[in-house]
Amino acid sequence: MANFDKKFYLVREDVLSDAMKKTIEAKDMLERGKAESIGDAVQKVDLSRSAFYKYRDTVFPFSSVSKDRIMSLFFHLEDRSGTLSKLLSVVAGSGCNVLTIHQTIPLMGRANVTLSLNTAGMVHDIDSLLAELRKLEFVEKVEVLGTGA
Numbered sequence: 001m002a003n004f005d006k007k008f009y010l011v012r013e014d015v016l017s018d019a020m021k022k023t024i025e026a027k028d029m030l031e032r033g034k035a036e037s038i039g040d041a042v043q044k045v046d047l048s049r050s051a052f053y054k055y056r057d058t059v060f061p062f063s064s065v066s067k068d069r070i071m072s073l074f075f076h077l078e079d080r081s082g083t084l085s086k087l088l089s090v091v092a093g094s095g096c097n098v099l100t101i102h103q104t105i106p107l108m109g110r111a112n113v114t115l116s117l118n119t120a121g122m123v124h125d126i127d128s129l130l131a132e133l134r135k136l137e138f139v140e141k142v143e144v145l146g147t148g149a
């Protein structure tokens, strides 16, 4: 189990070593049942067992550390009828509970929306939710403002 009393740092994926990335991938395969054992998982991602054991309790995807927390998202949206409703439908479909909504008055065809979400019931990870939100044609920008307990 992870030792969460240590300091944590949020870093971009591109600065992680290949062994760290492969460890995260192997852990994900095990969690989703795509690998039957640690040996099977490390073989599928081309990682040594020793590297897996070195990093397995020290590297985590952002979504696993931020589970059961509150997340705030900021959106730049095109001002169209029904956009907020469609946005909230995607959020609800992900299993998030909306805690607060703040929407600015549209100016020059654009509006800003800030959502505070309880992510405890999410059915997928945060990255999947963000990718789905970015696919909406009226969403110009999505930013994670922060997460917290």
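Numbering (the UniProt record's numbering), first residue to last: 1 to 149.
Idealized CB from N, CA, C, for every residue including glycine.
Within the UniProt domain "ACT" (72 to 147), the complete alpha helix (DSSP H) segments of 4 residues or longer fall at 83 to 93, 126 to 135, listed in chain order. Contact check for Ser72 against Ser17 fails: the beta carbons are separated by 7 Å or more. Cβ neighbours of Thr83 within its own chain (closer than 7 Å, five residues either side excluded): Leu77, Phe138. Taking one beta carbon from each stretch, the stretch 126 to 133 and the stretch 98 to 108 have fewer than 3 pairs nearer than 8 Å; the two do not touch. For Ser50, the enclosing alpha helix (DSSP H) starts and ends at 49 to 55. Note on geometry: alpha-carbon atoms of Met20 and Tyr55 lie some 6 Å from one another.
If you look at Gly33, you'll find it isn't in any alpha helix (DSSP H); DSSP assigns it neither H nor E. In this chain, the alpha helix (DSSP H) harbouring Asp40 covers 38 to 45.
The alpha-carbon separation between Asn118 and Val98 amounts to approximately 6 Å. The alpha-carbon separation between Ser85 and Arg69 amounts to approximately 23 Å.
Distances from the alpha-carbon of Met29 to those of Phe52, Ile126, Ser89 put Phe52 closest. Taking C-beta separations shorter than 6 Å and ignoring five residues to either side along the sequence, the partners of Thr114 in its chain run Phe74, His102, following chain order.
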